[in-house]
Amino acid sequence: MIDATESRRNAVQLERRSEAAFLGAAIGDALGWPHEMRARRSKTRASDGGLRYEDWIKRGGGRFQGYEEQIAAGSYSDDTQLILAVARALRRNRKAWWEVLAHQELPFWTIYERGGGGATKRAASSWAQGTQPWHGKLAETRRYFEAGGNGVAMRILPHAVRRAGEHSFAPLARDVMADGVCTHGHPRALIGALVYAFAMWSALRHRGTLEFGQLIHEALSSSQEWGKLPSIDEQWRDWAEVAHGSFDVERVWDETVLEQVRLLEQAAGAINAGAASFDEETLTELGCFDPRVNGAGTVTAAGAIYLASRHAADPHEGLRAAALARGADTDTLASMTCGLLGAAVGGSWIERYVDPLQDVGAIRLSAHALLRGEGEDAELYRVNRKTLGAFTRSLTDVPHGGRAWLPIGVAASVEPWDGIVSKVSSTQAAGWRLRADDGQTYFLKVFSRAGAAAREPSRTPTPDRDLFARQQPSSDFNVGLRIAVADLARSRRFYQGLVGLAASREGRDSISFGRLALKAGKPAESDTSNFRLYIERSDLAACFERLEDAEVEIVTPIQTRGDRRHFRCIDPDGYDVEIYEVRQPSRLRADG
Numbered sequence: 001m002i003d004a005t006e007s008r009r010n011a012v013q014l015e016r017r018s019e020a021a022f023l024g025a026a027i028g029d030a031l032g033w034p035h036e037m038r039a040r041r042s043k044t045r046a047s048d049g050g051l052r053y054e055d056w057i058k059r060g061g062g063r064f065q066g067y068e069e070q071i072a073a074g075s076y077s078d079d080t081q082l083i084l085a086v087a088r089a090l091r092r093n094r095k096a097w098w099e100v101l102a103h104q105e106l107p108f109w110t111i112y113e114r115g116g117g118g119a120t121k122r123a124a125s126s127w128a129q130g131t132q133p134w135h136g137k138l139a140e141t142r143r144y145f146e147a148g149g150n151g152v153a154m155r156i157l158p159h160a161v162r163r164a165g166e167h168s169f170a171p172l173a174r175d176v177m178a179d180g181v182c183t184h185g186h187p188r189a190l191i192g193a194l195v196y197a198f199a200m201w202s203a204l205r206h207r208g209t210l211e212f213g214q215l216i217h218e219a220l221s222s223s224q225e226w227g228k229l230p231s232i233d234e235q236w237r238d239w240a241e242v243a244h245g246s247f248d249v250e251r252v253w254d255e256t257v258l259e260q261v262r263l264l265e266q267a268a269g270a271i272n273a274g275a276a277s278f279d280e281e282t283l284t285e286l287g288c289f290d291p292r293v294n295g296a297g298t299v300t301a302a303g304a305i306y307l308a309s310r311h312a313a314d315p316h317e318g319l320r321a322a323a324l325a326r327g328a329d330t331d332t333l334a335s336m337t338c339g340l341l342g343a344a345v346g347g348s349w350i351e352r353y354v355d356p357l358q359d360v361g362a363i364r365l366s367a368h369a370l371l372r373g374e375g376e377d378a379e380l381y382r383v384n385r386k387t388l389g390a391f392t393r394s395l396t397d398v399p400h401g402g403r404a405w406l407p408i409g410v411a412a413s414v415e416p417w418d419g420i421v422s423k424v425s426s427t428q429a430a431g432w433r434l435r436a437d438d439g440q441t442y443f444l445k446v447f448s449r450a451g452a453a454a455r456e457p458s459r460t461p462t463p464d465r466d467l468f469a470r471q472q473p474s475s476d477f478n479v480g481l482r483i484a485v486a487d488l489a490r491s492r493r494f495y496q497g498l499v500g501l502a503a504s505r506e507g508r509d510s511i512s513f514g515r516l517a518l519k520a521g522k523p524a525e526s527d528t529s530n531f532r533l534y535i536e537r538s539d540l541a542a543c544f545e546r547l548e549d550a551e552v553e554i555v556t557p558i559q560t561r562g563d564r565r566h567f568r569c570i571d572p573d574g575y576d577v578e579i580y581e582v583r584q585p586s587r588l589r590a591d592g
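Just so you know, this note's numbering puts 478 at position 478 of the sequence shown, and the rest follows in order with no gaps.
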């Protein structure tokens with residue numbers, strides 16, 4: 001029987017290992033990304049073969065939308081972005097986190113992703129269009145079920161931390177599967193994620209010193225656990241039915257489990273050979289340098305488990321071997337390897353790499369919040385292409401250092417970012433850097449046709465963009481209105497995300513849109529029925545569409561009164577809101 005002292009000691013150790021796993025994953029990502037097979041190093045920062053953070057230039061966009069993006073030393077890529085997105089989904093709605101991930105986090109990720117894989121980007125775009133990726137057009141669905149990359153395995157760490165206290169792997173397996181099918185449909189992606197999740201779960205739960213090769217031997221001896229096809233009917237009711245209509249699921253699943261076992265056996269053979277084996281030779285045998293398969297979930301999982309098993313006694317060497325494995329998918333291989341090393345041996349080796357890692361505070365916060373079971377049951381809603389378009393357009397109205405409410409329900413400060421340069425004369429690029437209150441940084445890239453009234457980041461609000469974000473004409477008096485709202489986040493999504501107003505000030509329990517202030521509290525019935533809010537918008541039709549798509553109660557459709565168009569709707573608290581098309585400088589007023 002475990003006494004209270006030992007129980008507390010185990011809890012502290014698990015907390016430290018969980019934080020080390022999160023930090024290790026981000027460190028491996030940031031150090032490996034410049035060496036990734038698709039990345040090109042800046043000519044001004046030639047490598048000397050050492051392991052260090054460095055500034056570099058990423059080129060992308062192809063022939064018709066080519067661009068160069070400045071990547072600062074310590075920046076992470078899609079691997080860490082998606083780890084943090086999954087962690088946030090798990091915290092924001094503990095009962096239906098997969099809905100938050102699919103309908104909010106993945107669509108939002110499409111506008112800030114850095115280095116994302118093709119399958120994940122296609123699936124995220126499908127969710128943003130309101131379509132489950134296994135219900136797309138025939139060709140799109142076929143590509144989805146052929147997607148076997150490492151995009152699932154790279155992001156499962158939060159699930160393993162959350163389930164570290166479970167005595168059975170089955171709940172974690174269901175979580176990984178429910179997460180995985182959001183972007184990938186082939187067993188190579190899903191089984192690679194499952195075996196990696198098992199290794200991570202085992203490492204977090206292990207007490208004492210990890211023996212040489214222990215992780216890989218445990219994974220091999222437990223194939224009956226991670227190799228079982230989990231049921232996700234509760235999360236995605238028809239996925240299995242559609243999958244069975246697309247390919248022989250059981251046969252391909254069993255074949256892929258055997259493929260994964262063979263890869264682990266190869267790695268175990270190298271472990272057993274001890275000093276007679278070399279990392280580069282073993283990674284080559286596993287396929288980590290073969291461009292045809294090096295991005296597969298099964299291959300990357302085997303490579304990461306091998307490196308973590310071999311170098312548990314010297315994590316620095318494991319990090320170096322993964323991050324500098326030229327020709328491999330280095331950011332993901334290093335992220336997964338170092339995540340495992342952090343989980344297995346803790347964080348004493350990590351501190352030397354923390355500076356200048358991007359968003360260290362947010363990464364630590366995510367690990368601790370998950371382990372402690374912190375979370376909420378946030379409202380379920382959908383982020384779509386219109387939501388994202390309205391959000392990116394609204395950034396031009398936010399003053400430098402101003403505030404914006406992200407589509408995922410997090411507040412952030414906004415500033416223009418000049419780290420993106422178009423290399424095509426017909427296209428111009430604009431960028432923003434958003435710093436969220438939880439410590440995470442988002443870099444947004446927006447492209448437009450040159451000469452087509454492109455909207456650059458502005459440092460002051462656009463003069464007639466919305467009623468509440470600008471200063472009113474000077475007069476002998478000022479008038480404002482404060483209303484009580486039951487759910488501040490919900491009301492903010494309505495007034496900022498749907499109506500399109502820019503927040504001018506915010507506090508812990510209030511937010512202002514110019515002269516209109518929302519205060520957290522319970523509205524009285526008389527409050528919502530005795531007056532009407534008047535708002536003016538220059539994009540009346542688009543505003544109406546956003547509200548209609550969000551199933552807001554529309555009282556009257558767009559009509560014309562005099563020479564002005566307008567419509568009426570009801571806000572989340574029952575307030576009557578009438579929205580007019582901008583004609584001239586206007587004022588907020590309340591009708592009794």
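Beta carbons: idealized from backbone N, C-alpha and C, even for Gly.
Other residues of its chain near Arg565: CB distance less than 8 Å, five sequence neighbours each side excluded: Hits under 8 Å: Leu540, Ile558, Gln559, Tyr580 and Glu581.
Inter-residue Cα distance where the pair is Thr183 and Arg364: The straight-line gap from Cα to Cα measures roughly 26 Å.
Gln496 burial status per 10 Å Cβ neighbour count (16 or more: buried): Counting every other CB atom within 10 Å of its CB across the protein chains shown gives Gln496 a total of 16 or more, marking it as buried.
For Trp405, the first and last residue of its enclosing beta strand (DSSP E): It spans Arg403 to Trp405 - the beta strand (DSSP E) in which Trp405 sits, taken as one unbroken run.
Where the alpha helix (DSSP H) through Tyr144 begins and ends: Counting along the chain, Tyr144 sits inside the alpha helix (DSSP H) bounded by residues Leu138 to Glu146.
Strand pairing of Pro416, partner residues [DSSP]: DSSP output for Pro416 lists Trp432 as bridge partner(s).
Residue range of the alpha helix (DSSP H) that includes Ala153: Under the DSSP assignment, Ala153 falls outside any alpha helix (DSSP H); it carries neither an H nor an E label.
Any beta strand (DSSP E) of 3 or more consecutive residues that is wholly inside the segment 476-509: Fully enclosed beta strand (DSSP E) runs of 3 or longer: 481-485.
Whole alpha helix (DSSP H) elements within the segment 277-310, 4-residue minimum: Counting only runs of at least 4 residues, the segment 277-310 fully encloses the following alpha helix (DSSP H) elements, listed from N- to C-terminal order: 279-286 and 297-310.
Close-in-space but distant-in-sequence residues of the same chain around Gly213 (CB under 6 Å, 5 per side omitted): The beta carbon of Gly213 sits closer than 6 Å to the beta carbons of Ile271 and Ser309 from its chain, once the five residues preceding and following it are set aside; these are given in chain order.
DSSP state of Phe567 mapped onto helix, strand, coil: Of the three classes helix, strand and coil, the one that applies to Phe567 here is strand, per DSSP.
Spatial distance of His103 from Gly208 (CA atoms): Cα to Cα, the separation comes out at about 41 Å.
Inter-residue spacing [alpha-carbon to alpha-carbon] between Trp134 and Tyr144: So the two alpha carbons sit approximately 7 Å from each other.
The segment 311-329 touching the segment 282-289, judged by at least three CB pairs closer than 8 Å: The segment 311-329 makes contact with the segment 282-289, as at least three CB pairs between them are under 8 Å.
With 16 other Cβ atoms within 10 Å as the buried cut-off, status of Arg493: Here Arg493 is buried: its Cβ has 16 or more other Cβ atoms, across all protein chains shown, within 10 Å.
Asp355 versus Leu434: straight-line alpha-carbon distance, rounded: In this model, Asp355 and Leu434 are separated by some 20 Å (Cα to Cα).
Inter-residue Cα distance where the pair is Tyr381 and Leu481: A direct Cα-Cα distance of roughly 28 Å separates Tyr381 from Leu481.
For Lys58, the residue or residues it bridges with in DSSP: Per DSSP, the beta bridge partners of Lys58 are Glu69.
Three-way DSSP call (helix, strand, coil) for Leu220 in this model: It is helical.
Sufficient close CB pairs (3 or more, under 8 Å) joining the segment 91-107 to the segment 366-379: Enough Cβ pairs lie closer than 8 Å, so yes.
Pairwise C-alpha distance: Phe513 and Pro473: Because the pLDDT at Pro473 is just 37, under 50, the model does not fix this residue reliably, and the value given afterwards should be weighed accordingly. About 16 Å.
Local Cβ density within 10 Å of Gly62, reported as buried at 16 or more and exposed below that: In this structure Gly62 is exposed. Its beta-carbon is surrounded by fewer than 16 other beta-carbon atoms within 10 angstroms.
Alpha helix (DSSP H) segment containing Arg16, residue limits: That run of the alpha helix (DSSP H) goes Ala4 to Gly32.
Buried or exposed by the 16-neighbour rule on C-beta atoms within 10 Å, applied to Asp573: The residue is buried, with at least 16 neighbouring Cβ atoms inside 10 Å.
Cβ separation of Leu264 and Thr300, assumed to be a contact under 8 Å, to the nearest whole Å: The pair is not a contact, with the Cβ atoms about 13 Å apart (cut-off 8 Å).
Length of the line joining the Cα atoms of Asp279 and Arg546: About 54 Å.
C-beta contact flag for Ile156 and Ala128 at 8 Å: The answer is no: Cβ separation not under 8 Å.
Within 8 Å, strictly: CB atoms of Trp432 and Pro407: Note that the C-beta distance between Trp432 and Pro407 is not below 8 Å.
Range covered by the beta strand (DSSP E) that runs through Gln559: Secondary structure note for Gln559: its beta strand (DSSP E) is the uninterrupted segment Ile554 to Arg561.
Three-way DSSP call (helix, strand, coil) for Thr110 in this model: In this structure, Thr110 counts as coil in the three-state DSSP scheme.
According to DSSP, residues forming a beta bridge with Ile511: The partner list for Ile511 (beta bridge, DSSP) reads Glu506 and Leu518.
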